[in-house]
Amino acid sequence: MYTLIHQDKNSKARLGKITTAHGDFDTPAFMTVGTHATVKGLTFQQVQDAGAQIVLSNAYHVFLRPGTEVIKKAGGLHKFMGWDKPILTDSGGYQIFSLALFRKLHDHGVEFKSHIDGLKHFLTPEDVIKIQETLGSDIMMPLDECVHYPCVKDQAKVAMERTIEWAKISKKAHQGNPGKLFGIIQGATFEDLRLDCAKRLVDLDFDGYSIGGVSVGESSNLIYNILELVAGVIPENKPRYAMGIGYPFDIVEAVERGVDMFDCVIPTRYGRNGTAFTSGGKIIIRNAAYTEDFKPLDPKCGCYTCKNFSRAYLRHLFNAKEMLGLILLSLHNVYFFLDLMRQIRAAIKEDKFSQFKQMFLMNYNNQICA
RNA sequence: GUGGCUGUAGCUCAAUUGGUUAGAGCAUCAGAUUGUGGUUCUGAGGGUUGCGGGAUCGUUCCCCGUCAGCCACC
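Each residue of the first sequence is one higher than the one before, starting from 1 at the first, in our numbering.
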């Protein structure tokens, strides 16, 4: 499934390719998030034009609405949403964290009380695999338990053990399925738990390994530390996926530590809330400073938004609460993240990742666009 | 012209019928958002209470004058 194409000579950054039933994608890869079978605000044509080779969706959310029966009748998630390239589906493990008020955890599964209609749904690890099979997911995540930060060690260990147990059950339930299945490494910020979890999941031999339970409130340095530690024990021939990461600088730091895959709501959520990411740092487009700023968001960007619209116009759209503002900023942010990945891959190919990182962070932190 | 009602933050309105530093929503300004619960959350600035006088220890509140707006009647 994973082919290592080139290992950067001066860092752990690596260039690779992942093969799925719906085509290949290059790594390091960023997956735009399409929780409800849509990348919010964008058509899949726009997502593809921005350079996306794979998108992420969410089994639990799609299971709740429209429901797996509808997806089945539609001929699978790809056909339903009109995207014929790879789809990775998250299991609902993150919803154990993010929807903590709506669920009860048990050793054999999780009971969710739907935030949509209040109905109770008990989901086992087998159920979650079955849902993802019905969706026709190319890369599946097993049900896992993601804990809050800070978390006491005893609690982190319980969640980790449960996650490993569920991983075993998921692997068994997944047998014979064409989709790939990853193992999710938990263990919060405790190095011994992380190493123990990684080792035991590697022994179970998954198609790839996710590093979960990061970016849940801890500092960047703690995140980098765990990523470096865990990436170091995942076999070289398996992809490493840092779930929910992150800011552009987080992605660059993680790539340097050998991480291959990322997903994050940041480009679309920030886009909807009026923040753009640029090579010169973050731009909060509502700020009065842009009232008469007729430059593009990022003069170095080749996206439709930057080629056609000014900061002043985008600020106007946000102030007037016009939906085009959300769309244009989401489009730019998605393009920016995907373009960042293209630049990262190009740098690794030439063994220049370290120089790239240094330049990128310098420009980004100096706010040269602002 | 006469009578009545209303004037409080940029806007719409509060202020326990005279009592600490006149509040709120919206707007403005700034910040937050990490495997998405789709316009959210947090903070800040902003007042000569139309203006002038008076009574009172003390007034957005009571009295007088004046200005503005609205309504009714001549």
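By construction, the Cβ of each residue, glycine as well, lies at the ideal position given by its N, Cα and C atoms.
- Under the rule that a run must span 3 or more residues, the beta strand (DSSP E) segments found entirely inside the segment 189-216 read 208-211.
- In this model, histidine 22 and alanine 167 are separated by some 24 Å (Cα to Cα).
- About 5 Å separates the beta carbons of leucine 88 and leucine 56, which is inside the 8 Å limit, making them a contact pair.
- Following the DSSP letters along the chain, one finds glycine 16 inside the beta strand (DSSP E) bounded by residues 14-20.
- The criterion of a C-beta distance shorter than 8 Å is not satisfied by serine 219 and glycine 271.
- A Cβ-Cβ separation of about 24 Å leaves leucine 101 out of contact with alanine 37 under the 8 Å criterion.
- Spatial neighbours of isoleucine 71 in its own chain (CB-CB distance under 7 Å, excluding positions within 5 residues in sequence) are listed in chain order as Val62, Leu77, Phe80, Thr134 and Leu135.
- The straight-line gap separating the alpha-carbon atoms of cysteine 301 and proline 248 is approximately 15 Å.
- The three-state secondary structure of phenylalanine 182, taken from DSSP, is strand.
- At a Cβ-Cβ threshold of 8 Å, glycine 109 and leucine 99 do not count as neighbours.
- Glycine 16 is not a Cβ neighbour of arginine 342, given a cutoff of 8 Å.
- The count of Cβ pairs closer than 8 Å, one atom from the segment 203-210 and one from the segment 232-244, reaches three, so the stretches are in contact.
- Three or more beta-carbon pairs separated by less than 8 Å link the segment 220-239 to the segment 184-199, which places the two stretches in contact.
- Residue state for glutamine 7 is assigned as strand, using DSSP reduced to three classes.
- Note: lysine 120 is bridge-paired with Lys113 in the DSSP secondary-structure output.
- Where alanine 167 is concerned, there is no enclosing beta strand (DSSP E), although the alpha helix (DSSP H) around it starts and stops at 153-174.
- In the three-state DSSP reduction, isoleucine 223 falls in the helix class (H, G or I).
- A Cβ-Cβ distance of about 7 Å is found for the pair leucine 361 and valine 252, placing them in contact under the 8 Å criterion.
- Boundaries of the alpha helix (DSSP H) around leucine 317: 311-319.
- For leucine 338, the CB contacts under 7 Å within the same chain, skipping 5 residues up- and downstream, are Phe30, Ala50, Gly51 and Ala52 in chain order.
- Taken through DSSP and simplified to helix, strand or coil, lysine 72 comes out as helix.
- The DSSP assignment places complete alpha helix (DSSP H) segments of no fewer than 4 residues inside the segment 273-354 at 304-308, 311-319 and 323-349, in order along the chain.
- By DSSP's assignment, valine 55 forms a beta bridge with Thr32 and Ile87.
- Taking the CA atoms as reference points, asparagine 237 sits about 18 Å from methionine 140.
- Two segments are said to touch when three or more pairs of C-beta atoms, one from each, lie closer than 8 Å; by this definition the segment 255-267 does not touch the segment 305-312.
- With a cutoff of 8 Å on beta-carbon distance, arginine 14 and isoleucine 348 are scored as near each other.
- Collapsing the DSSP output to three states places isoleucine 245 in coil.
- Beta-bridge analysis with DSSP links phenylalanine 262 to Phe30 and Ala242.
- By the CB criterion at 8 Å, glycine 92 and histidine 148 fall outside the cutoff.
- Residue pairing of tyrosine 2 in beta bridges, as defined by DSSP: Ile18.
- Here arginine 269 carries a helix assignment [DSSP, helix/strand/coil].
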